[in-house]
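Asker: Be aware that the sequence shown starts at 1, since it is given in UniProt numbering, and climbs by one per residue.
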Amino acid sequence: MTTQTLRARTNYLSFPFRMSRQGAAQSERQAHIREQITQLLFTEPGERVFLPEFGIGLARVLFMPMTDALWQQIEVTLGAGLAEVLRGEILPDSIIVRAAPAPDDGATLRITISYTLAALNLSETLSFDITDGVLPLPRYTEAL
Numbered sequence: 001m002t003t004q005t006l007r008a009r010t011n012y013l014s015f016p017f018r019m020s021r022q023g024a025a026q027s028e029r030q031a032h033i034r035e036q037i038t039q040l041l042f043t044e045p046g047e048r049v050f051l052p053e054f055g056i057g058l059a060r061v062l063f064m065p066m067t068d069a070l071w072q073q074i075e076v077t078l079g080a081g082l083a084e085v086l087r088g089e090i091l092p093d094s095i096i097v098r099a100a101p102a103p104d105d106g107a108t109l110r111i112t113i114s115y116t117l118a119a120l121n122l123s124e125t126l127s128f129d130i131t132d133g134v135l136p137l138p139r140y141t142e143a144l
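1. When the distance is taken between beta carbons, is Ile37 closer than 9 Å to Leu120?
2. Given a cut-off of 9 Å on the beta-carbon distance, is the pair Ile56 and Thr43 in contact?
3. Looking at the structure shown, is Glu84 part of a helix, part of a strand, or coil, going by DSSP?
4. Touch check for the region 28-36 and the region 84-99: three-plus C-beta pairs under 8 Å?
5. Quick one, which of Val61, Leu122, Pro101, Ala118 has its alpha-carbon nearest Asp129's?
6. To which residues does DSSP link Met19 through a beta bridge?
7. Would you kindly work out how many angstroms separate the C-alpha atoms of Thr77 and Ser94, rounded to a whole number?
8. May I have the straight-line CA-CA distance separating Gly104 from Gln30, to the nearest angstrom?
9. Would you report the Cα separation of Arg18 and Ala25, rounded to the nearest angstrom?
10. For the beta strand (DSSP E) that contains Ile130, what are its first and last residues?
11. Report all residues from its chain with a CB closer than 6 Å to the CB of Leu91; omit the five preceding and five following residues, and keep chain order.
12. Would you report the Cα separation of Arg21 and Gln73, rounded to the nearest angstrom?
Structure below.
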């Protein structure tokens, strides 16, 4: 079975939920995993009634002083959350989370998440740059 076949096999409801001409918008596996990571980052713990432990609540850290302790807390919390939420989708040992100021702008928090998709053996890296309290959409790269 080829990587392309596995990529196209399953579709999921897109996040954020939206409608298309064919009904509810759908995402392929890789996009769905990126959407799940985005949900985990920006959901406050307790926000989901049936999954109260879901989310790391990144919005809470937006106005905290940028310190090594904060970056380490983000890395540990996010790494554990990703391993739980994406169990079976990504290889747990492949998860690498880095949180630090962007090298070119000390006022920007950069969160970089690298992982390998289990079924595809495909590595991806997502980066989130958070500046001036704005929670952005991620940039990503993939490598075979």
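Using N, Cα and C, we set each Cβ at its ideal position, and we do this for glycine too.
Answerer: Checking against the coordinates, here is how it stands:
1. Counted from its first residue, the sequence shown places residue 120 at position 120. Counted from its first residue, the sequence shown places residue 37 at position 37. Result no, Cβ atoms of Leu120 and Ile37 do not sit closer than 9 Å.
2. One-based indexing of the sequence shown puts residue 56 at position 56. One-based indexing of the sequence shown puts residue 43 at position 43. Yes, they are a contact pair.
3. Translated into the one-based positions of the sequence shown, residue 84 becomes position 84. If DSSP states are grouped into helix, strand and coil, Glu84 belongs with the helices.
4. yes
5. Within the sequence shown, residue 129 is the residue found at index 129, counting from 1. Comparing Cα positions, the closest option is Pro101.
6. Indexing the sequence shown from 1 puts residue 19 at position 19. In the DSSP assignment, Met19 is bridged to Ala24.
7. Your numbering for residue 77 matches position 77 in the sequence shown. Your numbering for residue 94 matches position 94 in the sequence shown. So the two alpha carbons sit approximately 16 Å from each other.
8. Working through the sequence shown from its first residue, we reach residue 104 at position 104. Working through the sequence shown from its first residue, we reach residue 30 at position 30. The sequence as given places Asp at residue 104; Gly does not occur at that position. Each residue's alpha carbon lies about 29 Å from the other.
9. Looking up residue 18 in the sequence shown gives position 18. Looking up residue 25 in the sequence shown gives position 25. If you take the alpha carbons of Arg18 and Ala25, they lie about 6 Å apart.
10. Within the sequence shown, the letter at position 130 stands for residue 130. Here the beta strand (DSSP E) through Ile130 covers 122-131.
11. Taking the sequence shown and counting its residues from 1, one reaches residue 91 at position 91. Its chain contains Thr116, Ala118 as the residues whose beta carbon lies nearer than 6 Å to that of Leu91, once the 5 sequence neighbours on both sides are disregarded; these appear in chain order.
12. In the sequence shown, the residue the question calls residue 21 occupies position 21. In the sequence shown, the residue the question calls residue 73 occupies position 73. Using only the alpha carbons, I get a separation of about 42 Å.
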